[in-house]
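Asker:
Below is the structure:
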């Protein structure tokens, strides 16, 4: 009896099937924009940012996330993105806050448009990154959470748990996250309130 497919293989198959159900043939009319003016997200697998352009992405990881960080960085370069590698550069034990901070700081200062951080669970790195003003880091564990974090929350940093998601699924999450555009309207208004809360504490600290 053939072995059962893995979760990553099933998810990859579903993504291909869904993408294949909505082909765009030459000369066909463009797909209508849904109510609210939000266009559907590009299919996962393109690896291209929501704008359709290649961009600069900062990546970082602790020792637990190092192998997956290397795979993600290679994939991004292969597609054509510029990658800023904030470390770590080996599997030797290190502290995740140092590398999460480096990635978040790179994005906040304009050295990269987006950031991707990998540790064992992705939780600690999200906490660290969100301490940096201007950063909206989201821990994503599947394609739906990746798309939601971009469309609804305007996330500019993605965190992943290497101990929770396999490499295949992680690459699909990265693809979906980069391909999903931010949504206007009520989502943008709510994200502005996140910034307002952040600014309140920045002012009180100065």
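In this note's numbering, the protein residues as written are 3 to 208. Glycine is no exception: its CB is placed at the ideal position from the N, C-alpha and C atoms. Since the model is a prediction, treat every value here as computed from it, not as a measurement.
1) Do the CB positions of residue 59 and residue 119 come within less than 8 angstroms of each other?
2) Are residue 56 and residue 75 close, meaning C-beta to C-beta below 8 angstroms?
3) Checking the sheet assignment: what are the DSSP bridge partners for residue 84?
4) Residue 68 to residue 149, Cα distance in whole Å?
5) Compute the Euclidean distance between the alpha carbons of residue 78 and residue 97, then round it to the nearest angstrom.
6) With 16 other CB atoms within 10 Å as the buried threshold, where does residue 91 fall?
7) Pull up the DSSP beta-bridge partners for residue 1, would you.
8) Figure out for me which residue from 172, 139, 51 has the closest Cα to the Cα of residue 145.
9) Between which two residues does the alpha helix (DSSP H) carrying residue 227 extend?
10) Determine the contact status of residue 109 and residue 159, defining contact as a CB-CB distance below 8 angstroms.
11) To the nearest angstrom, how far is it from the Cα of residue 183 to the Cα of residue 106?
12) By DSSP, does residue 63 sit in helix, in strand, or in coil?
13) Check each candidate in 87, 50, 65 and name the one with the smallest Cα separation from residue 94.
14) Do residue 128 and residue 139 count as a contact pair if the criterion is CB distance below 8 angstroms?
15) When you compare only the Cα positions, how much space is there between residue 168 and residue 70?
16) Exposed or buried, what is residue 3 when buried is set at 16 or more other beta-carbons lying within 10 Å of its beta-carbon?
17) Since residue 162 and residue 51 are thought to touch, with beta carbons under 8 angstroms apart, how far apart are those beta carbons, to the nearest angstrom?
18) In chain order, what residues of the same chain lie with their CB nearer than 6 angstroms to the CB of residue 102, ignoring the 5 residues before and after it?
19) On the CB-based measure, 16 or more other CB atoms within 10 Å of its CB, does residue 151 come out buried or exposed?
20) Would you mind working out which of 187, 135, 142, 155 sits nearest residue 175, comparing C-alpha positions?
Answerer: According to the structure data:
1) On the chain shown, position 57 is the one that residue 59 refers to. On the chain shown, position 117 is the one that residue 119 refers to. No, they are not a contact pair.
2) By 1-based counting over the chain shown, the position of residue 56 is 54. By 1-based counting over the chain shown, the position of residue 75 is 73. No, these two residues do not count as a Cβ contact at 8 angstroms.
3) Numbered from 1 along the chain shown, position 82 holds the residue referred to as residue 84. Paired residues: 58.
4) Numbered from its first residue, the chain shown carries residue 68 at position 66. Numbered from its first residue, the chain shown carries residue 149 at position 147. Looking at the two C-alpha atoms, the distance is approximately 24 angstroms.
5) Here residue 78 corresponds to residue number 76 of the chain shown, with the count starting at 1. Here residue 97 corresponds to residue number 95 of the chain shown, with the count starting at 1. Distance between the alpha carbons of residue 78 and residue 97: 24 angstroms.
6) Sequence index remark: in the chain shown, residue 91 carries index 89 (1-based). The residue in question, residue 91, is exposed, as its Cβ has fewer than 16 Cβ neighbours within 10 Å.
7) Residue numbering for the chain in the displayed model covers 3 to 208; residue 1 lies beyond these limits and cannot be assessed.
8) Here residue 145 refers to the residue found at position 143 of the chain shown. Among 172, 139, 51, the Cα nearest to that of residue 145 is on 172.
9) What is shown of the chain runs 3 to 208, which leaves residue 227 out entirely.
10) As a position in the chain shown, residue 109 is number 107, starting the count at 1. As a position in the chain shown, residue 159 is number 157, starting the count at 1. With contacts defined as CB atoms closer than 8 angstroms, residue 109 and residue 159 qualify as a contacting pair.
11) In the chain shown, counting from the first residue as 1, residue 183 sits at position 181. In the chain shown, counting from the first residue as 1, residue 106 sits at position 104. Going from the Cα of residue 183 to the Cα of residue 106 covers about 20 angstroms.
12) As a working note, residue 63 is residue 61 in the chain shown. The answer is strand: DSSP assigns residue 63 an E or B state.
13) Position 92 of the chain shown holds residue 94. Checking every option, the nearest Cα to that of residue 94 belongs to 65.
14) Counted from its first residue, the chain shown places residue 139 at position 137. Counted from its first residue, the chain shown places residue 128 at position 126. Taking 8 angstroms as the Cβ cut-off, residue 139 and residue 128 qualify as a contacting pair.
15) Sequence index remark: in the chain shown, residue 168 carries index 166 (1-based). Sequence index remark: in the chain shown, residue 70 carries index 68 (1-based). Taking the straight line joining both Cα atoms gives about 9 angstroms.
16) Residue numbering aside, residue 3 sits at position 1 when the chain shown is read from its first letter. Note that residue 3 has pLDDT 43, beneath the 50 cutoff, so the model's placement of it is unreliable and the number below is only indicative. Residue 3 should be labelled exposed.
17) If you number the chain shown from 1, residue 162 lands on position 160. If you number the chain shown from 1, residue 51 lands on position 49. Their Cβ separation, rounded to whole angstroms, is 17 angstroms, which puts residue 162 and residue 51 out of contact at 8 angstroms.
18) Residue 102 sits at position 100 when you count from the first residue of the chain shown. Listed in chain order, the non-local C-beta contacts of residue 102 below 6 angstroms within the same chain comprise 119, 127, 130, 131, local neighbours out to five positions each way being set aside.
19) Taking the chain shown and counting its residues from 1, one reaches residue 151 at position 149. Classification of residue 151: buried, given that the 10 Å Cβ count is 16 or more.
20) Start at 1 with the first residue of the chain shown, and residue 175 comes out as number 173. Distances from the CA of residue 175 to each of 187, 135, 142, 155 were compared; the closest alpha carbon is that of 142.
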